[in-house]
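**Q** Its first residue numbered 147, the sequence shown is counted upward by one per residue in the working numbering. One structure, pasted below without further comment.
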Amino acid sequence: MPGALQDCEVLVVGGGNAALCAALSARERGASVTLLESAPKAFRGGNSSHTRNLRCMHDAPTDLLTDAYPEQEYYGDLWRVTGGQTDEALARLTIRDSAACTRWMKAYGVRFQPALGGTLHLGRTNAFFLGGGKALVNEYYAAAQRLGIQVHYDAEVVDLAIDDGAFDHAVVCAGGEKRRIAARALVVASGGFESNLAWLRQAWGPAADNFLIRGTRYNMGKVLKVLIDRDAEKIGDPTQCHAVAIDARAPKFDGGIVTRIDCVSLGIVVNRDGERFYDEGEDFWPKRYAIWGRLVAQQPEQIAYCIIDSRAVGRFMPSVFPPFGADSIEGLASQLNLPAERVIETVRAFNQAVRPGRFDHAVLDDCRTRGLSPEKTHWARAIDAPPYYGYPLRPGITFTYLGVKVNERANVLMKNGSPSNIYAAGEIMAGNILGKGYLAGFGMTIGTVFGRIAGQEAAIHARR
Numbered sequence: 147m148p149g150a151l152q153d154c155e156v157l158v159v160g161g162g163n164a165a166l167c168a169a170l171s172a173r174e175r176g177a178s179v180t181l182l183e184s185a186p187k188a189f190r191g192g193n194s195s196h197t198r199n200l201r202c203m204h205d206a207p208t209d210l211l212t213d214a215y216p217e218q219e220y221y222g223d224l225w226r227v228t229g230g231q232t233d234e235a236l237a238r239l240t241i242r243d244s245a246a247c248t249r250w251m252k253a254y255g256v257r258f259q260p261a262l263g264g265t266l267h268l269g270r271t272n273a274f275f276l277g278g279g280k281a282l283v284n285e286y287y288a289a290a291q292r293l294g295i296q297v298h299y300d301a302e303v304v305d306l307a308i309d310d311g312a313f314d315h316a317v318v319c320a321g322g323e324k325r326r327i328a329a330r331a332l333v334v335a336s337g338g339f340e341s342n343l344a345w346l347r348q349a350w351g352p353a354a355d356n357f358l359i360r361g362t363r364y365n366m367g368k369v370l371k372v373l374i375d376r377d378a379e380k381i382g383d384p385t386q387c388h389a390v391a392i393d394a395r396a397p398k399f400d401g402g403i404v405t406r407i408d409c410v411s412l413g414i415v416v417n418r419d420g421e422r423f424y425d426e427g428e429d430f431w432p433k434r435y436a437i438w439g440r441l442v443a444q445q446p447e448q449i450a451y452c453i454i455d456s457r458a459v460g461r462f463m464p465s466v467f468p469p470f471g472a473d474s475i476e477g478l479a480s481q482l483n484l485p486a487e488r489v490i491e492t493v494r495a496f497n498q499a500v501r502p503g504r505f506d507h508a509v510l511d512d513c514r515t516r517g518l519s520p521e522k523t524h525w526a527r528a529i530d531a532p533p534y535y536g537y538p539l540r541p542g543i544t545f546t547y548l549g550v551k552v553n554e555r556a557n558v559l560m561k562n563g564s565p566s567n568i569y570a571a572g573e574i575m576a577g578n579i580l581g582k583g584y585l586a587g588f589g590m591t592i593g594t595v596f597g598r599i600a601g602q603e604a605a606i607h608a609r610r
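Right, dumping it as structure tokens:
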């Protein structure tokens, strides 16, 4: 830790993308800034270290994105995945401000790769970081050091002194001691509570014991709980989260993007009883992949299995773990410890229901089933080309949507209506915009946009 904790004008709690954007933006406005990261330096960056891209609005092709992705289409995509559970004003603010994000990020050393091609359908909508999220946070930390931002690792905020809605100081556990640090404005960007297994169990019950946490083990939700206890307005359902289907062999924490299973739309998914339970071809994967964690969580023992044949190989980003494989469905079922007769019957019924069409994974094609429940509405092809492959699936929790309510200036809203010198960015306030569901890259967009807003507004308040 560089030196002792000192009072400052803007205190930023968190160490990921949103926190770093806030710290840099506050420094741009001339404020003295201290950033507290609860993780050790080797694990800095939170969930942002596992990311790859952010979703950007643009009205014409750019150096990073093809065609156009206008505001109305962007908002329409968000409205569909959330089922309308979004604050439209904050959502549109995020979408509009996303157009300027990549230019600002480049100024701090973030590099991008050319527009992505292939079956993820993201070359028009998402800008990908060269080197991924780890490279992005490393550039931001380097910029913070150059600008004189004080960064402290292994510095966990355990309490906040808030009087009538106004922040005075934080109590920080660092170096085995509790210390106080005061500031004129506070930015909270410390993530959700997805790593707090006891809290997940309160929300989900015993099912949570089978959840895997895709990202950092340090997002315990302590600052979120303190804010709620200090009368911050909360928003969001504690059971709603960014939850994807990941390889059941992934570690409990920090498995990251490489554990995600991306072949669902190319095959079928069955539960432990060998039965299908949802339309695998409902929509393009970047719009629907984040529903599959919740779907698997609702199955017996929170386990499911994706089954594909040889024609799907090479059409998706493979998991870090190799699939199980066999020359027959019976053999594959045996390897996956599934009831062979039931899986054989499920595959047979699916194959018989497939109707002729022109398969094209780049569009919502006309390959579908008829007379099946649930139907598969796109990309339905008979599973009849051995060898056959299977991946075991578990719910992979990325971040939770329970958070604090904010306005367009990123101000945390207090129950008593008092003006607040507390601002929020990133996962801790994402529930204002994401009531449920997810769009690929949108978490980083929220963090970048509201991180910049929170930092600027906190600095203006601190130096007023």
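Positions of the beta carbon are idealized from the N, C-alpha and C atoms, including for glycine.
Take T265 and list the residues in its own chain whose beta-carbon comes closer than 7 angstroms to its own, dropping the five residues that flank it on each side.
**A** For T265, the predicted structure reports a pLDDT of 47, less than 50, and the residue's modelled location is therefore unreliable. The matter cannot be settled from this model.
**Q** Could you tell me the alpha carbon to alpha carbon distance between L346 and R504, rounded to whole angstroms?
**A** The alpha-carbon atoms of L346 and R504 are separated by roughly 44 angstroms.
**Q** Within the same chain, show all residues whose beta-carbon is closer than 6 angstroms to that of H607, passing over the 5 residues directly before and after it, in chain order.
**A** Around H607: A331, N567.
**Q** Given the structure, does G572 come close to the ligand FMN, in the sense that its CB is under 7 angstroms from one of the ligand's heavy atoms?
**A** Because no ligand of any kind appears in the structure shown, any question about the ligand FMN cannot be addressed here.
**Q** In angstroms, rounded to a whole number, what distance separates the CA positions of Q291 and V297?
**A** Distance between the alpha carbons of Q291 and V297: 8 angstroms.
**Q** From which residue to which residue does the beta strand (DSSP E) around C452 run?
**A** C452 -> beta strand (DSSP E) spans 450-455.
**Q** Put T240 into one of helix, strand or coil per three-state DSSP.
**A** Correct three-state label for T240: helix.
**Q** Measuring CB atoms only, is the region 160-173 touching the region 184-201, in the sense that at least three cross pairs come out at less than 8 angstroms?
**A** Output reads yes: the region 184-201 touches the region 160-173.
**Q** Quick one: complete alpha helix (DSSP H) runs, 4+ long, within the region 404-480?
**A** Taking only runs of at least 4 residues, the alpha helix (DSSP H) segments lying wholly in the region 404-480 are 431-434, 438-443.
**Q** To which residues of the same chain is P469 closer than 7 angstroms at the C-beta, ignoring the five residues directly before and after it?
**A** Excluding sequence neighbours, P469 sits near Y535, G536, Y537.
**Q** For A281, which residues from the same chain have a beta carbon less than 7 angstroms from its beta carbon, with the 5 sequence-adjacent residues on both sides left out?
**A** Cβ neighbours of A281 beyond the five flanking positions: F275.
**Q** Do D243 and I579 have their beta-carbon atoms positioned less than 8 angstroms apart in this structure?
**A** Not closer than 8 angstroms, so no.
**Q** Do three or more CB pairs link the region 588-599 to the region 166-184 at distances below 8 angstroms?
**A** Enough Cβ pairs lie closer than 8 angstroms, so yes.
**Q** For N272, which option in S195, N199, D425 has the closest C-alpha, if you only look at C-alpha atoms?
**A** Here the closest residue by C-alpha is N199.
**Q** From A261, R257, S178, pick the residue whose C-alpha is nearest to that of D213; which is it?
**A** Here the closest residue by C-alpha is A261.
**Q** Rounded to a whole number of angstroms, what is the C-alpha to C-alpha distance between F135 and R326?
**A** In this structure the chain extends from 147 to 610, so residue 135 is not present and cannot be described.
**Q** Assess contact between the region 541-558 and the region 382-401, defined as three or more Cβ pairs (one per stretch) separated by less than 8 angstroms. Is contact present?
**A** Enough Cβ pairs lie closer than 8 angstroms, so yes.
**Q** With burial defined as no fewer than 16 other Cβ atoms inside 10 Å of the residue's Cβ, what is the status of G230: buried or exposed?
**A** By the 10 Å Cβ count, G230 comes out exposed.
**Q** Could you round the C-beta distance between I574 and A335 to whole angstroms and report it? I think they count as a contact, below 8 angstroms.
**A** Indeed they touch by this definition, with Cβ atoms about 6 angstroms apart.
**Q** By alpha-carbon positions, which one of L559, A235, L239 ends up nearest to R376?
**A** The shortest Cα separation from R376 among L559, A235, L239 belongs to L559.
**Q** Just to confirm my understanding: we take G420, look at its own chain, exclude 5 residues before and 5 after, and list those with CB closer than 6 angstroms. What are they?
**A** Closer than 6 angstroms at the Cβ level, and outside the excluded window around G420, lie L484, P485, R488, V489, T492.
**Q** For D305, which residues does DSSP report across the bridge?
**A** In DSSP, D305 forms a bridge with V317.
**Q** Three or more C-beta pairs closer than 8 angstroms, one from the region 407-423 and one from the region 443-460: is that the case here?
**A** At 8 angstroms Cβ cutoff, the stretches touch.
**Q** Please classify H524: does DSSP put it in a helix, a strand, or coil?
**A** In the structure shown, H524 sits in coil (DSSP, three-state: anything other than H, G, I, E or B).
**Q** Whole angstroms is fine: what's the gap from K324's alpha carbon to V318's?
**A** Going from the Cα of K324 to the Cα of V318 covers about 5 angstroms.
**Q** Use the C-beta contact count for S195: other C-beta atoms within 10 angstroms, 16 or more gives buried, fewer gives exposed.
**A** With 16 or more other Cβ atoms within 10 Å, it is buried.
**Q** Please identify the residue among E379, Y364, L373, V372 whose C-alpha is closest to the C-alpha of D400.
**A** The residue with the shortest Cα to Cα distance from D400 is Y364.
**Q** What three-state label does DSSP hand N193 in the structure shown?
**A** Three-state result, N193: helix.
**Q** Can you give me the start and stop residues for the beta strand (DSSP E) that H607 sits inside?
**A** Looking at the DSSP string, H607 is not in any beta strand (DSSP E); the run it does join, the alpha helix (DSSP H), is 588-608.
**Q** Return the CA-CA distance between R238 and Y221, expressed in angstroms with no decimal places.
**A** So the alpha carbons of these two residues sit roughly 7 angstroms apart.
**Q** Report back the beta-carbon spacing between T362 and A576 to the nearest angstrom; my notes put them in contact at under 8 angstroms.
**A** Not a contact, Cβ separation roughly 15 angstroms.
**Q** Would you mind stating whether G549 and L370 have Cβ atoms separated by less than 8 angstroms?
**A** Yes, the pair counts as a contact, with Cβ atoms nearer than the cut-off.
**Q** To the nearest angstrom, how far is it from the Cα of V466 to the Cα of H315?
**A** Using only the alpha carbons, I get a separation of about 44 angstroms.
**Q** Would you call the CB atoms of E554 and A245 closer than 8 angstroms?
**A** Cβ atoms of E554 and A245: not closer than 8 angstroms.
**Q** Cα separation between A394 and D309?
**A** Rounded to the nearest angstrom, the two C-alpha atoms are 46 angstroms apart.
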